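Participant: Below is one structure. I have some questions about it.
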Amino acid sequence: MRHKYENRAKRLMERRKFRRKVAVLLIILSVLVCAATMYSLKQPAIAVSENAVEEVGMVMDEESSSEAENGSDDESTEEGGTEGDIEEESSEKDSSDDASKESSEEAEHEYISEEGTNAAGSDSVSVDDAEKETKNFKLTKDEENSVSDDDISSDKGVSGNSAVESAVSVNSVSNDDAEYNSASDNEVSENSAVSGNSTSENAVSENEVSENAVSDNQVKKVYVYEDEKIKVTASLENEEAIPAGAEFVVTELTSDTKGYNYDAYIDALNNKAEDIASISGNEAKSEYNEKNTLMYDIAFIKDGQEVQPTEGAVNIVAEFKKNQLKNDLAAEEKEDINVVHLPIKEDVKESENIALTEEATSISSNDIEVKSLIDAKTDIDETEKVEFSEETFSVYAFCNESKIWCLTSTGNLRIHKMVVNDFGSSFVRNGTKSSSGMLSNVTFRITDDFRKKYIVFTGFTDVEHGRVRNGAALEYDLYTHQITGSYNVEYNNNAQWTVFDLPSGVYQVEEVADGLTLKYDVKKNKVIPIEKSGYSRITKYDLTVDDEESSNYKFGSGGINYRRVYSKDLFRHEDLGPDNVYVGNIFVGNSSHTETVQVCNYYSTPLAPISVNKCFSGGKWGDKDIFTFKVEAVGAYDTYLSDGKTSVVIPADKMPMPENTTISVTKKDAVVDSNGNYSAEANFGYVYYTYEGTYKYKVTEIQGNDKSIVYDKNEYYIYVKVSKQYTKFKKEYKTSKIANFSRNYYGGKPWASYIYSDDGGLIYATEDFYYLGADEVYEDSNGKALGECTLRLGENPKTACVQDNPYIYKYNYGNPITFNNTRSASLEVKKIWLDSNGEQENEKHMTPLVLEVWCKSEGSSEWRKYIPLGKSSVYTIELSSQNKWKAKIKDLPLYAPDGKRYVYSIKEDEIYQKTHSVTYEYAGKTYSSDQAPGYEMKLDSKKNSYGCVTIRNKSEVSYVLPETGGIGDNPFRTIGLIFMAAAIARIVYHLIFKKTNPTS
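Residues 0 to 999 (numbering that gives the first Met the number 0) are what the sequence shown spells out, left to right.
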């Protein structure tokens, strides 16, 4: 039996030991896992470097090579081959090694290409990478001796002892891979010459790698320059023609380019214009300027000095990346473009010691050779490209010599003015002998930017002493403003003038004064707006080539053109005066080769009203109640003339303002609704605008003195954006008053939409009308948009009396600015807590008390809870120790919707009546709570206060436990935690560490 118990005890001991070991093991394992986790969180991520990858690859290659050699030796030993067999086997081994090296090189090249991808996604091999990779293939001294000269072939891409060239194999670059050569200048150029038997245009030459791979001491055969506008590639016929280390530089020449003498090159072209035209096969010479000529200085520079090719020609390919030939030079076909070489003469370079073309700032046109490159090839269909070959380099001009640039020595210019408004002839001309008409005050400016001149003349209509006024157009120097010449001007009737014998060229024509809205200072060449003219002007321009009759003695030699009549006759309506007016151009498509500048004027008076609304509630609007509002200018932004380019600075004190800057409203201006609320509009009047732009105003209410009225203290802002708008109106002309009117004018196309009356001799149509409209945006002081409205003219406005045009006022969203006023008063409430002995105990009450406001019409017996206007909940007030049990209630309306005065009362929740006696003290009297509430708070004599009510709560019964002291509950919590910890420790000890007596 004892043996039985001993065995049982032994088994129990073993189980307990096992459990203890398992528990200890689990604890140790948990600790280790936690430690490992914490350690791993503290360690940075392990990055594998490229060098490590390369070292691994080298080790693998060496191991595979070693295994191959050992295997080969074992086979030869086992077979016991003869010496010849061994030599044959050795030869096979060498071939195998060569093949292995080639495959290793190919594999390594693939690795380089994979790792060396550039930003464009193309493969590239840099010099540093190539030098790194060649270390993996460095031959031992014995291996170098075993390699014959024949082994170093171009097929392996090895040239001489260059490690860089050794890293790139021709055979390892496929045709697809070779396409990356054109990706960037840092990669192998697609124009690189291909040596050996390779004919692929994109193949890598045996002797060439990427441009960056060529050191300063090596020569190049292809040079590339590229920027955002042009790419120029220079391919040398002889790669030794340019010294090693030379830089290929291309510089665009404009009138603003630093250095150089731009004007000298332009003058050189114009001096040889006839020779250039003759060589190019053009009928007439061109006048060269910045608008039809692009110039670039193409040069090789080394050590701060230009170098020229010593032998052979250089092929140049210039690619215009922004289609400048078509967009800037207006070329329509490739034959329009001519390339002219403009080198500085050698004797001038020697005498002036000119090292760089850009330093030759003092040269003249006589110091420049002019050479047309008739063999240059041009393509403008898809990619704009010009290609030519030259043996020397300097400035090259790319010119458009098409028909639009073929000029005679002088030519004429017409200007036709249309006053679109139906003002009538008395307003426009005011007879033909007066100088006060609009046409006698209009001034035009004709600018020749090439010659730096501007020509000015003022219109006239008096032809009693002849149509031509000699010297009426005066020419001024653009910089000195001194008179440099004059030209004759002819009036051709119907608001058209012709200026004769202007120097051939390209001009800009603008109207700079009209006597109504603008005046012009010719000595300063400055346009000056006329303030408070009552008009705003919009001008639209077009440039036309009018059909002409052979002669017309009635309207003068310049008046032979068939006239436009309406603005709608024009195909374009440009804000700026045309800057491409050709004078003396033999290809202008009419008999006199004269273009006509069409100037259309549209006059309007933009009227933007500024108004606000007034809302009054809470009582009667008395006869003496006056509310006043004020508008102030804040600032004008981005203001300019209707041409869109002439900015006008308007300080705040000069801003256009409404007719009244303060406006008041009274009861007479107001209307009252069914709820007894009043509303009125306060209109400051119209603001007259002359310029486009944005105008900002601030509107506020002036605070009054009536203490019973709550005045609105908000600030509101009005943004008025003035801009061009469009509408139509009907206009008619008598054909008998139209100079050179033709029903079949312009092939009948424009007239097809007109209604023509043979019997009345009238033509009339729906005509264009441009005007200035406005958009108004209302915001509060926080920038929150409150509303937006637009002001527009409808169709068929009164164009003769623009001030009478009614603008249509339309709200897109929101409402106008509204100032709210209420007639109101206030009342006060106090709370006193008393114990059963009548002693004050406010400081002992910590719970807030919520009171409700009650109201009724004076004389009524029906009380109701007060709900403020526009609210949905009862008005309450909270009293607490925080506000010392007192508060003031403001903005209480004085009158009910029925017109009777309000009376108020403050009532406490009935729950307090169970434990307290509640009383209300008001105006020297005390009311009990059971009178519900039993008192009325009435307006005092000053009509701004309902007085003060004091609410007293006295405790009826008090149950107070005696103070016994105490130490709090924290000690007991601590003791409980100690007991819990002891119990857990006992259990753990019992399961793991306690040794149990087997016999117990």
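The beta-carbon is built from N, C-alpha and C at its ideal position, and this holds for glycine as well. Treat the numbers as computed from the prediction; the structure is a model and nothing was measured.
1) Could you check what DSSP says for F392 in three-state terms: helix, strand or coil?
2) Smallest Cα separation from T776: which of I816, I807, Y602?
3) Using only the alpha-carbon positions, how far apart do K284 and V508 sit?
4) Take L252 and list the residues in its own chain whose beta-carbon comes closer than 8 Å to its own, dropping the five residues that flank it on each side.
5) Distance check for F554 and W575, CA to CA, integer angstroms please.
6) Do H415 and T595 count as a contact pair if the criterion is CB distance below 7 Å?
7) If you draw a straight line from the alpha carbon of S904 to that of V852, how long is it in whole angstroms?
8) Could you tell me which of E510, S532, S424, V526 sits nearest to T516, measuring between CA atoms?
9) Beta-carbon separation of E680 and S610 under 7 Å?
10) Determine whether the beta carbon atoms of F319 and E383 lie at a separation below 7 Å.
11) Is it the case that the CB of K629 approaches a heavy atom of the ligand MN more closely than 6 Å?
12) Please say whether V630 and Y696 have beta carbons closer to each other than 7 Å?
13) Under a Cβ-count criterion, where at least 16 other Cβ atoms within 10 Å of its own Cβ denotes burial, should T497 be classed as buried or exposed?
14) Within 8 Å, do at least three Cβ pairs link the segment 462–475 to the segment 561–571?
15) Sorted by chain position, which residues of the same chain lie with C-beta nearer than 6 Å to S879's C-beta, five sequence neighbours on each side aside?
16) Identify every residue that forms a DSSP beta bridge with A886.
17) Apart from the five residues just before and just after V633, which ones in its own chain have a Cβ nearer than 8 Å to its Cβ?
18) Check whether the segment 760–772 touches the segment 787–803, taking contact to mean three or more Cβ pairs, one atom from each stretch, closer than 8 Å.
19) Only counting the same chain, and skipping five residues up and downstream in sequence, which positions put a Cβ closer than 7 Å to that of K809?
20) Specify, as a first and last residue, the run of the alpha helix (DSSP H) that S279 falls within.
21) For V418, count neighbouring C-beta atoms within 10 Å of its own C-beta (all shown protein chains included) and say buried if the count is 16 or more, exposed if not.
22) Got a sec, what are the start and stop residues for the beta strand (DSSP E) K613 sits in?
23) Return yes when the Cβ of T457 is within less than 7 Å of the Cβ of L438, no when it is not.
24) Can you tell me the Cβ-Cβ gap for L833 and S954, rounded? I've got them flagged as a contact below 8 Å.
25) I'd like the list of long-range same chain contacts for T256, defined as Cβ closer than 6 Å, with 5 residues on each side in sequence excluded.
26) How many angstroms separate the CA atom of K452 from the CA atom of L412?
27) Taking DSSP's pairing of strands, which residues face S1001 in a bridge?
28) Between the segment 469–478 and the segment 545–552, do three or more beta carbon pairs fall short of 8 Å?
29) Quick test of the definition: if touching needs 3 or more C-beta pairs under 8 Å, does the segment 488–495 touch the segment 557–568?
30) Considering just the uninterrupted stretch of the alpha helix (DSSP H) at D255, what are its terminal residues?
31) Mapping the DSSP letters down to three states, classify D262 as helix, strand or coil.
32) Please work out which residues of its chain come closer than 8 Å, Cβ to Cβ, to T875, disregarding the five sequence neighbours upstream and downstream, and give them in chain order.
33) Tell me F247's beta-bridge partners as DSSP assigns them.
34) What does S371 pair with, by DSSP beta-bridge criteria?
35) Taking all protein chains shown into account, decide if I373 is buried (16 or more other Cβ within 10 angstroms of its Cβ) or exposed.
36) I'd like to know whether the C-beta atoms of I300 and E246 end up nearer to each other than 7 Å.
Facilitator: Put simply:
1) Mapped onto the sequence shown, residue 392 falls at position 393. Residue state, collapsed to three classes: coil.
2) For the purposes of this step, residue 776 is taken as the residue at position 777 of the sequence shown. Residue identity differs from the one stated: residue 776 is Val in this sequence, not Thr. Checking every option, the nearest Cα to that of V776 belongs to I816.
3) Against the sequence shown, residue 284 aligns to sequence position 285. Against the sequence shown, residue 508 aligns to sequence position 509. Spanning the two alpha carbons is a distance of roughly 24 Å.
4) For the purposes of this step, residue 252 is taken as the residue at position 253 of the sequence shown. The residues are Y259, Y261, Y264, M294, Y295, D296, V394.
5) Working through the sequence shown from its first residue, we reach residue 575 at position 576. Working through the sequence shown from its first residue, we reach residue 554 at position 555. Note on residue identity: the sequence assigns Leu, not Trp, to residue 575. Rounded to whole angstroms, L575 to F554 spans 29 Å at the Cα level.
6) Within the sequence shown, the letter at position 596 stands for residue 595. Within the sequence shown, the letter at position 416 stands for residue 415. A contact, by the Cβ cut-off of 7 Å.
7) Here residue 904 refers to the residue found at position 905 when the sequence shown is read from its first residue. Here residue 852 refers to the residue found at position 853 when the sequence shown is read from its first residue. Straight-line spacing of the CA atoms in S904 and V852 works out to 6 Å.
8) Counting from one through the sequence shown, the residue named residue 516 turns up at place 517. Of the residues E510, S532, S424, V526, the one whose Cα lies closest to the Cα of T516 is S532.
9) The count along the sequence shown starts at 1 and reaches residue 680 at position 681. The count along the sequence shown starts at 1 and reaches residue 610 at position 611. In this structure, E680 lies near S610, with their beta-carbon atoms less than 7 Å apart.
10) As a position in the sequence shown, residue 319 is number 320, starting the count at 1. As a position in the sequence shown, residue 383 is number 384, starting the count at 1. In this structure, E383 lies closer than 7 Å to F319 by Cβ.
11) Absent from the structure shown: the ligand MN. Ligands present: none.
12) Mapped onto the sequence shown, residue 696 falls at position 697. Mapped onto the sequence shown, residue 630 falls at position 631. Yes; because the gap between Cβ atoms is below 7 Å, this pair is in contact.
13) Within the sequence shown, numbered from 1, the residue matching residue 497 stands at position 498. It is buried - the Cβ of T497 has at least 16 other Cβ atoms within 10 Å.
14) Between the segment 561–571 and the segment 462–475 there are fewer than three C-beta pairs closer than 8 Å, too few to call the two in contact.
15) Locating residue 879 in the sequence shown gives position 880, counting from the first residue. The residues are P847.
16) Position 887 of the sequence shown, counted from the start, is the residue given in the question as residue 886. Answer is V828.
17) In the sequence shown, counting from the first residue as 1, residue 633 sits at position 634. These residues qualify, in order along the chain: A651, K695, Y696, K697, Y716.
18) Yes: the two stretches touch, three or more of their Cβ pairs being nearer than 8 Å.
19) What you label residue 809 is simply residue 810 of the sequence shown in a count that begins at 1. Hits under 7 Å: C788, T789.
20) In the sequence shown, residue 279 corresponds to position 280, counting from 1. 272–279 is the extent of the alpha helix (DSSP H) around S279.
21) Here residue 418 refers to the residue found at position 419 of the sequence shown. So V418 counts as buried.
22) Locating residue 613 in the sequence shown gives position 614, where the first residue counts as 1. It spans 606–616 - the beta strand (DSSP E) in which K613 sits, taken as one unbroken run.
23) Within the sequence shown, numbered from 1, the residue matching residue 438 stands at position 439. Within the sequence shown, numbered from 1, the residue matching residue 457 stands at position 458. Cβ atoms of L438 and T457: not closer than 7 Å.
24) Translated into the one-based positions of the sequence shown, residue 833 becomes position 834. Translated into the one-based positions of the sequence shown, residue 954 becomes position 955. That belief holds up - the Cβ atoms of L833 and S954 are roughly 7 Å apart, short of 8 Å.
25) Indexing the sequence shown from 1 puts residue 256 at position 257. The beta carbon of T256 sits closer than 6 Å to no other beta carbon from its chain once the five residues preceding and following it are set aside.
26) Your numbering for residue 452 matches position 453 in the sequence shown. Your numbering for residue 412 matches position 413 in the sequence shown. In this structure, the CA atom of K452 is about 16 Å from the CA atom of L412.
27) No information on residue 1001 is available, as it lies outside the stretch 0 to 999 that the chain covers here.
28) Contact between the segment 469–478 and the segment 545–552 is absent: fewer than 3 CB-CB pairs across the two stretches fall below 8 Å.
29) Taking 8 Å as the limit for Cβ pairs, the verdict is that the segment 557–568 does touch the segment 488–495.
30) Start at 1 with the first residue of the sequence shown, and residue 255 comes out as number 256. Boundaries cannot be given for D255, as no alpha helix (DSSP H) includes it and DSSP labels it neither H nor E.
31) Here residue 262 is taken as the residue at index 263 of the sequence shown, counted from 1. Under the three-state reduction of DSSP, D262 is assigned to helix.
32) Taking the first residue of the sequence shown as position 1, residue 875 is located at position 876. Answer for T875: V849, L850, E851, V852, listed in chain order.
33) Mapped onto the sequence shown, residue 247 falls at position 248. Note: F247 sits in a beta bridge opposite F299.
34) As a first step, residue 371 is located in the sequence shown; it is residue number 372 there, counting from the start. Beta-bridge pairing links S371 to V339.
35) To locate residue 373, count along the sequence shown from 1; it is residue 374. Exposed is the call here.
36) For the purposes of this step, residue 300 is taken as residue 301 along the sequence shown, with counting starting at 1. For the purposes of this step, residue 246 is taken as residue 247 along the sequence shown, with counting starting at 1. Less than 7 Å divides the Cβ of I300 from the Cβ of E246.
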